[in-house]
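Protein chains in written order, with this note's numbering: chain Z, 1 to 113; chain B, 114 to 229.
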């Protein structure tokens, strides 16, 4: 049974560019959450998708947007990249409409130069 | 206000010893969940244990147990018989049930180092 997968594993971009990160949830899970983890910090919640809609959003600017597809996979898009967007981006999936435990993928390390 | 507080930036323990990682939380909700995750240097967050606010018994999962003291708002993780592979970052997290979604709020983490 495959766990949560994310792609790419690493990414280098320059300021002002746009990036798309992808996540495939664990089999049977219907909810996807995205987190940003800066170096030496705990993960910060970006947003959560359920039934192809953004259900909850953390304190992140509109430059951060996302999408969930009918197969429950999800994308995170970041526009107009800033140096401060450099971080580990973690995707987590859960079942039961999000009420069950969240399981995380390996993350995407984004470096903005 | 910080909702999850982990006051130990680093902890050091020898193999086979038990270790307690501290976590206090702040919420006005009656219904919430508390989680512990392990993050090795590879970066992946690994779920360890869960405690619901209405659970009367402390949660246990193998060598992991959660010392839940509701009145003190603490949810400490106890690892018995530490192993070298336990060396990692450990995060305490909370989920409140009054929100539209089920976002996790994380603490800043504790680095555990296990030596032989």
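For glycine and all other residues, C-beta sits at the position ideal for the given N, C-alpha and C.
C-beta neighbour in chain A for residue i, strict 9 Å
i: residue 217(B); result: Absent here is chain A; the protein component of the structure consists of chains Z and B.
Endpoints, beta strand (DSSP E) assigned at residue i
i: residue 29(Z); result: No beta strand (DSSP E) contains residue 29(Z), which DSSP labels as neither H nor E.
i: residue 133(B); result: 132 to 134
i: residue 158(B); result: Residue 158(B) -> no beta strand (DSSP E), and no H or E assigned at all.
i: residue 111(Z); result: 108 to 112
i: residue 69(Z); result: From DSSP, residue 69(Z) is part of no beta strand (DSSP E); its letter is neither H nor E.
i: residue 51(Z); result: Run containing residue 51(Z): none; DSSP gives neither H nor E here.
i: residue 22(Z); result: 19 to 24
i: residue 171(B); result: Per DSSP, residue 171(B) belongs to no beta strand (DSSP E) and is neither H nor E.
i: residue 9(Z); result: Here residue 9(Z) belongs to no beta strand (DSSP E), and DSSP marks it neither H nor E.
Nearest neighbour of residue i, chosen from the options [CA to CA]
i: residue 11(Z); options: 66(Z), 88(Z) and 96(Z); result: 88(Z)
i: residue 24(Z); options: 98(Z), 13(Z), 109(Z) and 7(Z); result: 7(Z)
i: residue 229(B); options: 117(B), 116(B), 120(B) and 125(B); result: 125(B)
i: residue 30(Z); options: 54(Z), 46(Z), 60(Z) and 39(Z); result: 54(Z)
i: residue 200(B); options: 136(B), 186(B) and 222(B); result: 222(B)
i: residue 92(Z); options: 61(Z), 38(Z), 85(Z) and 27(Z); result: 27(Z)
i: residue 134(B); options: 227(B), 189(B) and 218(B); result: 189(B)
i: residue 145(B); options: 127(B), 132(B), 131(B) and 164(B); result: 164(B)
i: residue 230(B); options: 207(B), 192(B) and 177(B); result: For chain B, the structure presents residues 114 to 229; residue 230(B) sits outside this window and is missing.
i: residue 71(Z); options: 21(Z), 17(Z), 32(Z) and 107(Z); result: 32(Z)
i: residue 166(B); options: 187(B), 177(B), 175(B) and 202(B); result: 187(B)
i: residue 156(B); options: 99(Z), 90(Z), 97(Z) and 95(Z); result: 90(Z)
i: residue 41(Z); options: 202(B), 210(B), 147(B) and 193(B); result: 202(B)
i: residue 50(Z); options: 9(Z), 99(Z) and 38(Z); result: 99(Z)
DSSP state of residue i mapped onto helix, strand, coil
i: residue 197(B); result: helix
i: residue 165(B); result: strand
i: residue 90(Z); result: strand
i: residue 147(B); result: strand
i: residue 39(Z); result: coil
i: residue 190(B); result: strand
i: residue 179(B); result: strand
i: residue 96(Z); result: helix
i: residue 222(B); result: coil
i: residue 123(B); result: strand
Alpha carbon of residue i to alpha carbon of residue j, nearest angstrom
i: residue 58(Z); j: residue 160(B); result: 22 Å
i: residue 152(B); j: residue 204(B); result: 8 Å
i: residue 118(B); j: residue 182(B); result: 15 Å
i: residue 214(B); j: residue 154(B); result: 29 Å
i: residue 121(B); j: residue 195(B); result: 17 Å
i: residue 60(Z); j: residue 19(Z); result: 16 Å
i: residue 83(Z); j: residue 141(B); result: 36 Å
i: residue 219(B); j: residue 149(B); result: 9 Å
i: residue 85(Z); j: residue 2(Z); result: 29 Å
i: residue 62(Z); j: residue 139(B); result: 28 Å
i: residue 173(B); j: residue 132(B); result: 15 Å
i: residue 34(Z); j: residue 128(B); result: 35 Å
i: residue 21(Z); j: residue 76(Z); result: 5 Å
i: residue 143(B); j: residue 185(B); result: 14 Å
i: residue 64(Z); j: residue 36(Z); result: 11 Å
i: residue 52(Z); j: residue 227(B); result: 43 Å
i: residue 198(B); j: residue 4(Z); result: 22 Å
i: residue 110(Z); j: residue 13(Z); result: 8 Å
i: residue 66(Z); j: residue 116(B); result: 26 Å
i: residue 162(B); j: residue 224(B); result: 17 Å
i: residue 104(Z); j: residue 15(Z); result: 28 Å
Exercise. Listed in chain order, which residues of the segment 39 to 51 of chain Z have Cβ atoms closer than 7 Å to some Cβ of chain B?
Worked result: 41, 42, 43, 45 and 48
Problem set entry | Against chain Z: residues of the segment 149 to 168 of chain B by CB proximity under 9 Å | 150, 152, 155, 156, 157, 158, 159, 160 and 163
For this session: Residues of the segment 197 to 213 of chain B with a CB closer than 7 Å to any CB of chain Z: list them in chain order, please.
Result: 204, 212 and 213
Exercise. When Cβ atoms are compared, which residues of the segment 53 to 71 of chain Z fall closer than 7 Å to chain B?
Worked result: 55, 56 and 58
Exercise. Which of the residues in the segment 81 to 96 of chain Z, read from start to end, lie with their CB under 9 Å from any CB of chain B?
Worked result: 88, 90, 92 and 94
Problem set entry | Cβ-based contacts, 9 Å cut-off: residues of the segment 117 to 135 of chain B near chain Z | 117 and 119
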